[in-house]
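Peer 1: Numbering (UniProt numbering), first residue to last: 1 to 756. Think of the CB as a built atom: it goes at the ideal place given N, C-alpha and C, for glycine as much as any other residue. Predicted, not measured: the structure shown is a model, and the values here were computed from it.
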């Protein structure tokens, strides 16, 4: 039976098999093969008709069900049924006959005889680009070109009656102008700015008049209390104009980011300072503004830096909770990035960043403590790694400008914000980090770095009334450096210790090294003693220094070095004796700390010999520092004439021409004898004429040394006169030297006798 069923299935076509199914086969199982073959064709037709009738019944059943659902929907939700009647009539009214549906099904479900190729992506891209270009061209054609007359009309209307509609037009024009700075051309804007003069006029008009017009349009009146800021969001008209104001503020930030001219940047920053209350009402625009202000504060020109700082300070004062921590962190990072290299031109900028950062940290001491603790701890970790690992890389992580300037910054912050109970615990760890930095590599090559650390400690100690042992690091230099030793070479210019951290081996051999070292020691010790000049314990503090300075003066033989040290010693002794005399008249004991503080305050008001001298010295020193920072050397300010020395060969040829007649007047015998005697002298020095001619610099060096030692010019002249009376020579050696105007090279070329 299975074989018969299989043959029947093979005889049927695919469509007939799908329509007939297995029912017809089951009915004919008991019939014979002949009857099945005869009636096969009839069953095929019956099967097809039965399948078609079943599908028709199903479709009619679905249609009737759908009508019943719609009728029930009319009763349950009449509003939705009415909506369908108004918007989709086809869904409600349809025919029961599905002939069209059959045709549609055949149309949609029948596979095509030929497959079409898909369109390429390049064609689609080309089409989209063409459509975009056409849209842009239409918009450009529709955009209105801004003219000078339009700007004048806007200015007049804005002064008389600023309306939201007028402000919107100005904002659209300003947006189009700013878009040209980014190369966008303002294609999406209503207006078009094509001329540079119109651009300048429009930007100038907005910078000058927009702020006043906004205040008038929103009915904002300045508060009598200047410290309190009136936010524009408090106005009843804020919501109506918020979108246009937001667009204008975004345009100002975009304009600020694209400008390069210093004067224009300063003008826009001034306008930004006026608009700070508006930015505070819009957090997203305010964040973008802060980013540009930080960029101008760290990299701009002097005026731009100041204006950017004022805007940042204004934002932080009125929105501390939102912006202060973020701005302080970004400002510190920018400061560290700008301190990587130090030069005379960079020092004013670094000092400005330190002062402004200190002022920002003064806004909130709690936030300052959190950041100072983290960053001082980070410096301490670098120092600890350098002390434990002792490698070149770890040393360089400490002995660099960024590390030193960070120490200076925190010393300035703690000294400026003193007294502060919140920040006072940070003084001790900061002092320990600085002292550890000095002791890390205590060699002569890093004396400039030691000077910077001592100066930072002096600032911190004097401002916070904290005793820090600074003098031992300075007095140690007097013991390590031999100031009596002559320098190995002369230096061309003085060493500027303010912009270096490390000395080279060549610098250690120069005379300028010791000269600058004495000046730096004098300055630092005088500054430190000035901070302690009114202290009741000044005599005990100065005693070790007085002893070591006296010992140095006994050993030092160079007057240029002993003179400033002696002057410093005299001022310290004078101040010590003054404090001792006043202290003997005091009526309180050592234990009474309150009375001691009051006594020191009285001495500070009256002044001491050292404080009076320091005030005069400071004025002169500041002038010298300004000259050093500006890059001018002291010798250049004197306008000395330039001295040009002739080469030796040129001087020889000129001398031979000048004294040619003298050579001819001498007798042959005298010349021969003189020549023999000169040669015998040269042989004693293990040199002949040929060797002497090949190395002419030796004679010039010797002559320079003789000239520096002073020489015996008077004795030579006397000997020359005596020899002239004995010998028949027409001219003596002294006379020839005078004729040569003191040029020693003439003596080498003239062959003179021993008598001469």
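Between residue 178 and residue 255, how many whole angstroms is the CB-CB distance? I'm expecting something under 8 Å.
Peer 2: Indeed they touch by this definition, with Cβ atoms about 5 Å apart.
Peer 1: According to the neighbour-count rule (16 or more other Cβ atoms, all chains shown, within 10 Å of its Cβ), is residue 170 buried or exposed?
Peer 2: Note on residue 170: 16 or more other CB atoms within 10 angstroms of its CB, so buried under the neighbour-count rule.
Peer 1: Starting from residue 556 and walking both ways along the alpha helix (DSSP H), at which residues does that stretch end?
Peer 2: Counted as a single uninterrupted DSSP element, the stretch harbouring residue 556 is not any alpha helix (DSSP H), since DSSP gives it neither H nor E.
Peer 1: So which of 431, 343 and 294 has the shortest CA-CA distance to residue 360?
Peer 2: 294
Peer 1: Roughly how many angstroms separate the alpha carbons of residue 79 and residue 237, rounded to a whole number?
Peer 2: Residue 79 and residue 237: Cα-Cα distance of roughly 40 Å.
Peer 1: How about residue 478 and residue 548: do their beta carbons lie closer than 8 Å?
Peer 2: yes
Peer 1: Since residue 258 contacts residue 182 with CB under 8 Å, what's their CB separation in whole angstroms?
Peer 2: 6 Å
Peer 1: Which one or two residues does DSSP pair with residue 145 in a beta bridge?
Peer 2: 192
Peer 1: Classify residue 79 as helix, strand or coil using the three-state DSSP reduction.
Peer 2: helix
Peer 1: Leaving aside the five residues before and after residue 573 along the sequence, list all residues of the same chain whose C-beta is less than 7 Å from its C-beta, in chain order.
Peer 2: 546
Peer 1: Residue 569 and residue 550: beta carbons closer than 8 Å?
Peer 2: Yes.
Peer 1: Alpha carbons only, please: which of 191, 492, 507 and 511 is nearest the one belonging to residue 798?
Peer 2: Summary: the structure shown does not reach residue 798, with the chain confined to residues 1 through 756, and so no result is reported for it.
Peer 1: Expressed to the nearest angstrom, what Euclidean distance is found between the alpha-carbon atoms of residue 427 and residue 408?
Peer 2: 13 Å
Peer 1: Determine the closest residue to residue 150 out of 202, 196, 386 and 312, with distance taken between C-alpha atoms.
Peer 2: 202
Peer 1: Hey, could you find the ends of the alpha helix (DSSP H) residue 233 is sitting in?
Peer 2: Note, residue 233: premise wrong, no alpha helix (DSSP H); not H, not E.
Peer 1: If you draw a straight line from the alpha carbon of residue 441 to that of residue 599, how long is it in whole angstroms?
Peer 2: 41 Å
Peer 1: Using a Cβ-Cβ cut-off of 6 Å (strictly less than) and excluding sequence neighbours within five positions of residue 771, which residues of its own chain qualify?
Peer 2: For residue 771 there is no data in the structure shown, the boundaries of the chain being 1 and 756.
Peer 1: Quick one: grab the DSSP three-state call for residue 261.
Peer 2: coil
Peer 1: In terms of residue numbering, what span does the alpha helix (DSSP H) encompassing residue 354 cover?
Peer 2: 347-361
Peer 1: Is residue 252 closer than 8 Å to residue 191 when the C-beta atoms are compared?
Peer 2: no
Peer 1: Rounding to the nearest angstrom, what Cα-Cα distance links residue 312 and residue 381 in this structure?
Peer 2: 31 Å
Peer 1: Here's a check: name, in chain order, each residue in its chain whose Cβ is nearer than 6 Å to the Cβ of residue 603, leaving out the five neighbours to either side.
Peer 2: 534
Peer 1: Determine the burial state of residue 588: buried for a count of at least 16 other Cβ atoms within 10 Å of its Cβ, exposed for fewer.
Peer 2: exposed
Peer 1: What's the C-alpha gap between residue 323 and residue 317?
Peer 2: Cα to Cα, residue 323 sits roughly 9 Å from residue 317.
Peer 1: Please identify the residue among 220, 575 and 155 whose C-alpha is closest to the C-alpha of residue 538.
Peer 2: 575
Peer 1: Helix, strand or coil for residue 510? Go by DSSP, reduced to three states.
Peer 2: strand
Peer 1: Could you round the C-beta distance between residue 433 and residue 383 to whole angstroms and report it? I think they count as a contact, below 8 Å.
Peer 2: 6 Å
Peer 1: Who are the Cβ neighbours of residue 521 in its own chain at under 7 Å, not counting the five residues just before and after it?
Peer 2: 474 and 477
Peer 1: Am I right that residue 463 and residue 418 are in contact with their C-beta atoms under 8 Å? What's the rounded C-beta distance?
Peer 2: 6 Å
Peer 1: CB residue 401 to CB residue 483, shorter than 8 Å?
Peer 2: Against a cut-off of 8 Å, the Cβ pair of residue 483 and residue 401 comes out as no contact.
Peer 1: Measure the alpha-carbon distance for residue 244 versus residue 168 and round it to whole angstroms.
Peer 2: Near 6 Å, if we compare the C-alpha coordinates of residue 168 and residue 244.
Peer 1: Identify every residue that forms a DSSP beta bridge with residue 489.
Peer 2: 510
Peer 1: Check each candidate in 314, 345, 619 and 507 and name the one with the smallest Cα separation from residue 228.
Peer 2: 314
Peer 1: Can the beta-carbon of residue 459 be found closer than 8 Å to that of residue 415?
Peer 2: yes
Peer 1: If you drop the 5 nearest sequence neighbours on each side, which residues of the same chain put their C-beta closer than 6 Å to that of residue 542?
Peer 2: 572 and 576
Peer 1: If you run the structure through DSSP and keep just helix, strand and coil, what is residue 536?
Peer 2: coil
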